[in-house]
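Protein chains in written order, with our numbering: chain B, 1 to 112; chain D, 1001 to 1113. Just so it is clear, CB atoms sit at the ideal spot from N, CA and C, and this is done for glycine as well. Only a predicted model underlies this, so the values are computations on that prediction, with no experimental measurement involved. Data block below; observations after.
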Amino acid sequence: QKEVEQNSGPLSVPEGAIASLNCTYSDRGSQSFFWYRQYSGKSPELIMFIYSNGDKEDGRFTAQLNKASQYVSLLIRDSQPSDSATYLCAVKSGDSSYKLIFGSGTRLLVRP
Amino acid sequence: DAGITQSPRHKVTETGTPVTLRCHQTENHRYMYWYRQDPGHGLRLIHYSYGVKDTDKGEVSDGYSVSRSKTEDFLLTLESATSSQTSVYFCAISENDRDYGYTFGSGTRLTVV
């Protein structure tokens, strides 16, 4: 069973702080990694993807990947109350099905 | 969500009745997926399709069937609805490549009473 693990939270940070969200995965054949944001009652929306070891920055978001440790993280700088949501880590399977395996998500609360 | 529509948005049905949910896309993407989302379980794959008439099972496929007769439509049928199938159902589409994530529909909230 291929798994993606996330701490369910909630992770509570003050406005302006850095929020750090973490994810581990079990399938060493995975090649592509995604972070989705999901507001309550809404559908998931893609915010970041990463394929190579290291960091990838997009605005206030930085994704970090360490394939040796099977670890993916998302940093949100200058956190805003509007960032309060559930963040889903997803890993694309290494086979030809291109299925995404999702973690159960981490709930982030940004306190004004 | 742009290019992908789910219907109905909400449905209440009785135990034992068949139910069909529809996903329609205008992006001409090859891959389509049905997920269910439940508290504590995240998104779990029910079935997916990799082309017209080409479908396969996901991790929670029991009690569900799918059909894809056209590129743009992917139907999910609950053959005989049970209370355990009360959930939010999301359809997703993707390019046939590792470099793309999914685009999700707005979801269908199904309640089985």
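Proximity below 7 Å, CB of residue i to CB of residue j
i               : j               : result
G103 (chain B)  : Q38 (chain B)   : no
Y1064 (chain D) : D1056 (chain D) : no
V110 (chain B)  : V13 (chain B)   : yes
T106 (chain B)  : L46 (chain B)   : no
W35 (chain B)   : L11 (chain B)   : no
V1088 (chain D) : R1109 (chain D) : yes
Q64 (chain B)   : D58 (chain B)   : no
A1081 (chain D) : T1017 (chain D) : yes
Helix, strand or coil at residue i [DSSP, three-state]
i               : result
S1065 (chain D) : strand
S12 (chain B)   : strand
S1087 (chain D) : strand
D1073 (chain D) : strand
S1007 (chain D) : strand
S1094 (chain D) : strand
S73 (chain B)   : strand
D1056 (chain D) : strand
S104 (chain B)  : coil
D1038 (chain D) : strand
Test: residue i CB closer than 7 Å to a CB of chain D
i              : result
P44 (chain B)  : yes
F61 (chain B)  : no
Y98 (chain B)  : yes
S93 (chain B)  : no
S104 (chain B) : yes
Start-to-end residues for the beta strand (DSSP E) that takes in residue i
i               : result
R1109 (chain D) : 1108 to 1112
S20 (chain B)   : 19 to 25
G54 (chain B)   : 54 to 58
H1047 (chain D) : 1042 to 1051
S32 (chain B)   : 32 to 38
Q64 (chain B)   : 61 to 66
E45 (chain B)   : 45 to 50
Proximity test, Cβ basis, 7 Å: residue i and chain B
i               : result
F1104 (chain D) : yes
L1021 (chain D) : no
Y1031 (chain D) : yes
L1110 (chain D) : no
L1076 (chain D) : no
G1042 (chain D) : yes
G1101 (chain D) : yes
Bridge partner(s) assigned by DSSP for residue i
i             : result
K99 (chain B) : Bridge partners of K99 (chain B): none, in fact.
A85 (chain B) : B:L108
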